[in-house]
Amino acid sequence: MMRFAKDLREGYILQAMGEVLDEYGVDTLNTRILWKDNIITRDDLHMRTVHQTQFESFERGAEAAEKMGTFLGRGIFVADRTEWKRERALIRPFLNKERISDFDIFQEHADRTLSILSATASTHEPIDFQDLFARFTLGAASSFLLGTSPDALGAPRPVPYKAKMGSKGAATEGQLGTFLYSFEEIQVTISLRWRLNTFFPLYEFKGDHTLPHVDVITKFVKPTVEEALERKKQEREQGVERHRAERTMLENLVEITQDEERVRFGLLNVLMAGRDTTAGLLTFVVYLLAMYPAVAKRLREEIFDICGANGHPTHDLIRKMPYMNAALNETLRLFPGAPMGIRNSIHEVLLPTADGTPPLYLPGKARVTWLTLHLHRRKDLWGEDADEFDPERWMDPARLARMDERPSMFVPFLSGPRACPGQVFALNEASFMLVRLLQRFSGFELVPEAIPEGARPPPQWKEGKGRQRIEQVWPSTAFTAFVKGGMWARPLP
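Numbering (my numbering) for the sequence shown: 445 to 937.
Written out as C-alpha cells, the structure is:
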C-alpha cells in the first residue's frame, strides 16, 4: 500500500498517464475504462453529458469536502447545487468581465518580472521560468483579490544548478518559500487522496497531512481578511458608505458577509486557480516556444506589428493577434491546466457514445474520471499529428470547421455551468505577459542540466509513446499541470 502511494505521488506523470495506469491494469488506449462503479474516460460526449446536458445529475459529492475541506472549506471547488451557485455568484462578477484595472495590475507585476529576466540575460544564467511565473501570477492574483500583494518577486529564488526539489517545482527559501511550499504541498496531498480514493486514510493513519500546511496558509491570509472585516465594521458603525467603481474581491466579500472563514475560503479557492493555472499556461507556452523557435519568431513578428517594440497590450490589441490566440490554444490543447477531473453520479445515467453503440449505463453514486489531456491528444479527432505543437491548426478553416461541429473536443476550461469563470482573466494575463516577454527577448533556450536531480525526464522516455520521446522536461499534475523541478531556460536577447 505504501509503495502504491509512493508511486502515485512521485510517478504520476502527466503525459505518461497511460503508462502509469497501464501499470495497474488499466488500458487507456480504450475510449472508456470501467472498473467497479467507476468510469475513466477520454470521450468528449461523456464529458459533455457530465458538464452540460445532464449537469444536474452529477456532483462533487461528500468526498470533495472530506478530501479538500481543510484547505478550501465549502468554496466553489468543493460545494454542490445551491451552495455552489451561491459561491459562484460571489466571484463571477469579478472574473467574467474585462476590467481596465486588471491590465494595470498585469503591467505592475510584468515590469518587475522583466527586470529580473533582463538581469538574468545579462549574466547568461538560466532561470526557473515556472517559479518566476508563479510569483508573477501570485502577485497579480493577490493584487486583484486583496488590493495588496506579498513581495513574491523580491523574495529569494531557486539557484540554477543548486536548486532542490520542492513539492512541485524547485524549492524556495525564506518566509514566502514556506508559504509557497505549503500552498503547493497541500495540493499534492489532496491530489494523492483522490488517487488513493477510499484508501487515503491508511496513508495518513498518523494524522491529517494537510493540517500543518493549513496552519501556514491561514496565518498568511487570515490577518488580511480580519483587517478588512474590522475596517468594514467601523465604516458601518460610522455610517460611511464607499462607492467604488471597481472593488477588490475582498472588499466585495466583506460587504456580503462578516464570516471570516467564508471570506478566507472564497479567496483561497480563487487564489489557487488564479495563480496556478495561469502560471502553468505561461510555463508551458515558453517551454514550447523554446522547442519550436520558428513559432516564437512568427509570434514576435505579430506582436511587433500590432503593439510595436514598446507598446503596452490592451484588450483591443490582443484581439487583433490571431497567432497569439492560436499559440495559447495549442498550448492548452497539449497541456490543459486541469488534465483530469472527477464527478459522481447522483442517480442512474445513460452516457451517449459517438460510435453508434448503445449508451453506457452508469449507476447512481458512480464516479466518472475524465482525462482532458487524452481527449486533446486523440488522433481520431485531431489528426495523426495530434502530439505535435502546431498553432497553424487553429488558423486552418477545415480544422476549425471540425471544432465548430464538435466543440466538446476542446475543453481546457471545461464547459457548461461549472466552466471556469476566470477564463477571460487568465487568457488576458497570459497574453499580456507573453507580449511583454517577446517585446524584450527574441526567444528562449532550454537548459535541462539545471533541472534538480530527480526531476529530469527518465532515459526510458526516449523509447516511450507520444510526446515522451521529445520532452525535455517532466510534466506532472496535482490540481493543475506543472513541470517537475521547474522549467529552466535562458531568455535570449
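We treat Cβ as the ideally placed atom computed from N, Cα and C, and that holds for glycine.
Requested in this report: Take the Cβ of V927 as the centre, count every other Cβ of all protein chains shown within 10 Å, and call the residue buried at 16 or more, exposed below.
Outcome: In the sequence shown, the residue the question calls residue 927 occupies position 483. Residue burial annotation: V927 is buried, with at least 16 other C-beta atoms found within 10 angstroms of its C-beta.
Query raised in the report: Is it buried or exposed for Y731, if we count other Cβ within 10 angstroms and need 16 for buried?
Result: The residue given as residue 731 occupies position 287 in the sequence shown. Classification for Y731: buried.
Requested in this report: Count the other C-beta atoms from every protein chain shown that fall within 10 angstroms of the C-beta of D466, then say buried if there are 16 or more, exposed otherwise.
Outcome: Mapped onto the sequence shown, residue 466 falls at position 22. Reliability fails at D466, whose pLDDT of 35 lies under 50, so the model's placement of it is uncertain and the value that follows must be treated cautiously. When all chains shown are included, D466 counts as exposed.
**Report entry** Local Cβ density within 10 Å of Q574, reported as buried at 16 or more and exposed below that
**Finding:** For the purposes of this step, residue 574 is identified with residue 130 of the sequence shown, where counting begins at 1. Q574 should be labelled buried.
Query raised in the report: With C-beta atoms as the reference, is S875 less than 7 angstroms away from I762?
Result: For the purposes of this step, residue 875 is taken as residue 431 along the sequence shown, with counting starting at 1. For the purposes of this step, residue 762 is taken as residue 318 along the sequence shown, with counting starting at 1. Yes, Cβ-Cβ distance for S875 and I762 is below 7 angstroms.
Query raised in the report: Taking the alpha carbon of V665 as the point to measure from, which residue in G808, E685, L715 and A508 has its own alpha carbon closest?
Result: Start at 1 with the first residue of the sequence shown, and residue 665 comes out as number 221. Of the candidates G808, E685, L715 and A508, the residue whose Cα lies closest to the Cα of V665 is L715.
Query raised in the report: Taking only beta-carbon atoms, is H818 less than 7 angstroms away from chain C?
Result: Of the chains in the structure shown, none is chain C; there is only one protein chain.
Query raised in the report: If you draw a straight line from the alpha carbon of F580 to that of K906, how long is it in whole angstroms?
Result: One-based indexing of the sequence shown puts residue 580 at position 136. One-based indexing of the sequence shown puts residue 906 at position 462. Cα-Cα distance, rounded: 33 angstroms.
Query raised in the report: Counting along the chain, where does the beta strand (DSSP E) carrying F926 start and finish?
Result: Counting from 1 along the sequence shown, the entry for residue 926 is found at position 482. Following the DSSP letters along the chain, one finds F926 inside the beta strand (DSSP E) bounded by residues A925 to V927.
Query - Which listed residue (D555, I630, V522 and W918) has its alpha carbon closest to that of G930 - result: As a working note, residue 930 is residue 486 in the sequence shown. Shortest Cα-Cα distance from G930 to any of D555, I630, V522 and W918 involves W918.
Report task. Sort G519, V879 and T924 by Cα distance to R744 and report the nearest one. Result -> Position 300 of the sequence shown holds residue 744. Cα-wise, what sits closest to R744 is V879.
Query raised in the report: Quick one: Cα of T475 to Cα of L804, how far?
Result: Here residue 475 refers to the residue found at position 31 of the sequence shown. Here residue 804 refers to the residue found at position 360 of the sequence shown. Residue confidence for T475 is low, a pLDDT of 44 falling below 50, so the modelled location carries little weight; the figure read from the coordinates is stated next. The straight-line gap from Cα to Cα measures roughly 12 angstroms.
Requested in this report: Within the same chain, show all residues whose beta-carbon is closer than 6 angstroms to that of W932, passing over the 5 residues directly before and after it, in chain order.
Outcome: As a position in the sequence shown, residue 932 is number 488, starting the count at 1. Here the set comprises P570, D572, V891, A894 and I895.
Query raised in the report: Which class does M765 belong to by DSSP, given the choice of helix, strand or coil?
Result: Translated into the one-based positions of the sequence shown, residue 765 becomes position 321. Under the three-state reduction of DSSP, M765 is assigned to coil, being neither helix nor strand.
Requested in this report: Please state if the CB of L516 and the CB of N713 are separated by a distance shorter than 7 angstroms.
Outcome: Counting from 1 along the sequence shown, the entry for residue 713 is found at position 269. Counting from 1 along the sequence shown, the entry for residue 516 is found at position 72. L516 sits close to N713, with the two beta carbons spaced by under 7 angstroms.
Requested in this report: Below 8 angstroms on the Cβ atoms is my guess for F550 versus M877; work out the distance and round it to an integer in Å.
Outcome: By one-based count along the sequence shown, residue 550 stands at place 106. By one-based count along the sequence shown, residue 877 stands at place 433. Correct: roughly 7 angstroms between the Cβ atoms.
Query raised in the report: Out of curiosity, what's the CA-to-CA distance linking W814 and L794?
Result: Position 370 of the sequence shown, counting from 1, holds the residue named residue 814. Position 350 of the sequence shown, counting from 1, holds the residue named residue 794. Here the alpha carbon of W814 sits roughly 16 angstroms from the alpha carbon of L794.
Query raised in the report: Taking the continuous alpha helix (DSSP H) assigned at F885, which residues delimit it?
Result: Along the sequence shown, one-based indexing puts residue 885 at 441. Unbroken run through F885: none, as it is neither H nor E.
Query raised in the report: Would the stretch 510-526 and the stretch 698-714 be scored as touching if the rule is three or more Cβ pairs under 8 angstroms?
Result: Taking 8 angstroms as the limit for Cβ pairs, the verdict is that the stretch 698-714 does touch the stretch 510-526.
Report task. With DSSP as the reference, label R934 as helix, strand or coil. Result -> Position 490 of the sequence shown, counting from 1, holds the residue named residue 934. Residue state, collapsed to three classes: strand.
Requested in this report: Could you tell me whether the stretch 797-812 touches the stretch 487-500, using the rule of 3 or more Cβ pairs below 8 angstroms?
Outcome: Yes, the stretch 797-812 is in contact with the stretch 487-500.
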